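Below: the structure, in structure tokens.
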Amino acid sequence: MNLFVFGLGYTAGHFVERERGGFARVAATAQALRAPAPEGVAMRIFSPGEADPRIVEDLARSDAILVSVPPQDGDPVLRAYADAIAASPARWIGYLSTIGVYGDQGGAWIDEATPPAPTHARTRERVAVEEAWLALGARTAKAVQIFRLSGIYGPGRNAFVKLREGRAQRIVKAGQVFNRIHVDDIATALAASLDRPRAGAIYNVTDDEPAPPQDVTAFAAALAGLPLPPEVDFDTAALSPMARSFYGENKRVRNRRLKEELGVTLRFPTYREGLRGLMEGAPAVHVRAGAEG
Numbered sequence: 001m002n003l004f005v006f007g008l009g010y011t012a013g014h015f016v017e018r019e020r021g022g023f024a025r026v027a028a029t030a031q032a033l034r035a036p037a038p039e040g041v042a043m044r045i046f047s048p049g050e051a052d053p054r055i056v057e058d059l060a061r062s063d064a065i066l067v068s069v070p071p072q073d074g075d076p077v078l079r080a081y082a083d084a085i086a087a088s089p090a091r092w093i094g095y096l097s098t099i100g101v102y103g104d105q106g107g108a109w110i111d112e113a114t115p116p117a118p119t120h121a122r123t124r125e126r127v128a129v130e131e132a133w134l135a136l137g138a139r140t141a142k143a144v145q146i147f148r149l150s151g152i153y154g155p156g157r158n159a160f161v162k163l164r165e166g167r168a169q170r171i172v173k174a175g176q177v178f179n180r181i182h183v184d185d186i187a188t189a190l191a192a193s194l195d196r197p198r199a200g201a202i203y204n205v206t207d208d209e210p211a212p213p214q215d216v217t218a219f220a221a222a223l224a225g226l227p228l229p230p231e232v233d234f235d236t237a238a239l240s241p242m243a244r245s246f247y248g249e250n251k252r253v254r255n256r257r258l259k260e261e262l263g264v265t266l267r268f269p270t271y272r273e274g275l276r277g278l279m280e281g282a283p284a285v286h287v288r289a290g291a292e293g
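In UniProt numbering, the protein residues as written are 1 to 293.
Shown next, in the form of structure tokens:
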């Protein structure tokens, strides 16, 4: 199986690094080429609005396409490559979205049957892009899957890093919870979906326990033996407009479909297992079998 990745960032990069052996060939885009390039990955520069002939050629031999590029006045991937993707032999297309499309649910439990209710321009655009990808799948009979991710953490991006860098805040807002997901569990979900494609599927990729953010910070500080930042009331906390907007949405997101339909067992079902694993340097677990032609 040949894989093409639009946007080899933190999440897609972890998936490729972990599952590289399950693909005969991997090609991917980035906004700028890194040195050294990821081992065994043919890298391309992604320029919005401009179709690169090499990418078109890559797509013509790709069985699976993973899209991890955020909206930019619509979807830049579809703008440049919709025809090439439609003409490709892809049997699986995965689009990485966000649980932010559900907006504020007043702290209620929700699942994939809950209609999107985006409260910001960025999440309204996400919904429109999800719909565009699903429409492409319906039009071309390709299995397009949408993965709605919660707050991503993992190696190099976690509460320990913020505590050690002095950036952690223990912000308290009554009743506020957030779902999270370890990047390794995202990779597990993608690998499981590749083996069980279903056209039009939408999956919440999230952990089992929505939790107050101050609890996560306190647990990480205790685990690492680091000073615990003082509690800060949300109303007086120094937050960017983007960070503050996240606190305007409160929901508890279920992941039952991920488990029941794809057979996924989360390695890090709550932030506690996730942070302990990061503290202990837990190695990635490879899910998919060896490369196919």
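Yeah, the Cβ is synthetic: ideal placement off N, Cα and C, and Gly gets one too. Keep in mind the model is a prediction, meaning the values are calculated, not measured.
{"Check": "Does the distance from the C-beta atom of Val144 to that of Ala199 stay below 8 Å?", "Outcome": "yes"}
{"Check": "Using 10 angstroms around the beta-carbon of Leu190, count the other beta-carbons present and answer buried if the total reaches 16, otherwise exposed.", "Outcome": "buried"}
{"Check": "Could you name each continuous beta strand (DSSP E) segment of 3 residues or more that falls completely within the UniProt domain \"NAD-dependent epimerase/dehydratase\" (84-205), going from the start of the chain to the end?", "Outcome": "92-98, 144-149, 151-153, 170-172, 180-182 and 202-205"}
{"Check": "Are the beta-carbon atoms of Ala64 and Trp109 separated by less than 8 Å?", "Outcome": "no"}
{"Check": "Give me, in chain order, the residues of the same chain whose beta-carbon lies closer than 7 Å to that of Thr270; leave out the 5 immediate sequence neighbours on both sides.", "Outcome": "Asp207, Asp208 and Glu209"}
{"Check": "Decide if Gln31 is buried, meaning its Cβ has at least 16 other Cβ atoms within 10 Å, or exposed.", "Outcome": "exposed"}
{"Check": "Below 8 Å, can you find three or more Cβ-Cβ pairs linking the stretch 176-189 to the stretch 212-220?", "Outcome": "yes"}
{"Check": "Out of curiosity, what's the CA-to-CA distance linking Lys173 and Ala224?", "Outcome": "24 Å"}
{"Check": "On the three-pair Cβ rule with 8 Å, is the stretch 154-171 touching the stretch 109-123?", "Outcome": "no"}
{"Check": "Here's the rule I'm using: 16 or more other beta-carbon atoms within 10 Å means buried, otherwise exposed. How should Ile45 be labelled?", "Outcome": "exposed"}
{"Check": "What's the C-alpha gap between Ala87 and Ala60?", "Outcome": "7 Å"}
{"Check": "Smallest Cα separation from Arg267: which of Asp185, Ala218, Pro230 and Ile202?", "Outcome": "Asp185"}
{"Check": "Sort out for me which residues DSSP pairs Leu43 with in a bridge.", "Outcome": "Leu is not the amino acid found at residue 43; the sequence shown has Met there. DSSP output for Met43 lists Ala28 as bridge partner(s)."}
{"Check": "Return the Cβ separation of Leu136 and Leu78 in integer angstroms, given the expectation that the two are a contact with Cβ distance under 8 Å.", "Outcome": "7 Å"}
{"Check": "Throw me the rounded Cβ distance for the Ser68 and Leu3 pair, which I believe falls under 8 Å.", "Outcome": "The pair is not a contact, with the Cβ atoms about 12 Å apart (cut-off 8 Å)."}
{"Check": "Could you work out which residue in Thr265, Arg157, Ala201 and Pro71 is closest to Gly7 when comparing CA atoms only?", "Outcome": "Pro71"}
{"Check": "Rounding to the nearest angstrom, what Cα-Cα distance links Pro241 and Ala90 in this structure?", "Outcome": "39 Å"}
{"Check": "Once DSSP output is grouped into helix, strand and coil, what is the label at Ser56?", "Outcome": "Strictly speaking, residue 56 in this sequence is Val, with Ser absent from that position. Looking at Val56 - three-state DSSP - the assignment turns out to be helix."}
{"Check": "With H, G and I counted as helix, E and B as strand and the rest as coil, what does DSSP make of Ala289?", "Outcome": "In this prediction, Ala289 scores a pLDDT of 45, lower than 50, which makes its location untrustworthy; no coordinate-derived value is stated."}
{"Check": "Over what stretch of residues does the beta strand (DSSP E) that includes residue 298 continue unbroken?", "Outcome": "What the structure shows of the chain is the stretch from 1 to 293, and residue 298 is not part of that stretch, so it cannot be assessed."}
{"Check": "In the DSSP assignment, what residue or residues form a beta bridge with Val232?", "Outcome": "Ile171"}
{"Check": "So, using beta-carbon positions, are Arg148 and Val101 closer together than 8 Å?", "Outcome": "yes"}
{"Check": "Inspect the beta-carbon positions of Phe234 and Leu275 and report whether they are closer than 8 Å.", "Outcome": "no"}
{"Check": "Going by the DSSP bridge assignment, what does Ala221 pair with across the sheet?", "Outcome": "Answer by DSSP bridge pairing: none, since Ala221 is not bridged."}
{"Check": "Taking the continuous beta strand (DSSP E) assigned at Val69, which residues delimit it?", "Outcome": "Here Val69 belongs to no beta strand (DSSP E), and DSSP marks it neither H nor E."}
{"Check": "Use the C-beta contact count for Leu163: other C-beta atoms within 10 angstroms, 16 or more gives buried, fewer gives exposed.", "Outcome": "buried"}
{"Check": "How is the alpha helix (DSSP H) around Arg34 delimited, first residue to last?", "Outcome": "Here Arg34 belongs to no alpha helix (DSSP H), and DSSP marks it neither H nor E."}
{"Check": "Is it the case that the Cβ atoms of Pro230 and Ala221 are separated by a distance below 8 Å?", "Outcome": "no"}
{"Check": "Are Ile99 and Tyr81 closer than 8 Å when you measure CB to CB?", "Outcome": "no"}
{"Check": "Would you mind sorting Glu249 into buried or exposed? The rule is 16 or more other CB atoms within 10 Å of its CB.", "Outcome": "buried"}
{"Check": "Nearest by alpha-carbon distance to Ala27: which of Glu17, Glu261 and Val5 is it?", "Outcome": "Val5"}
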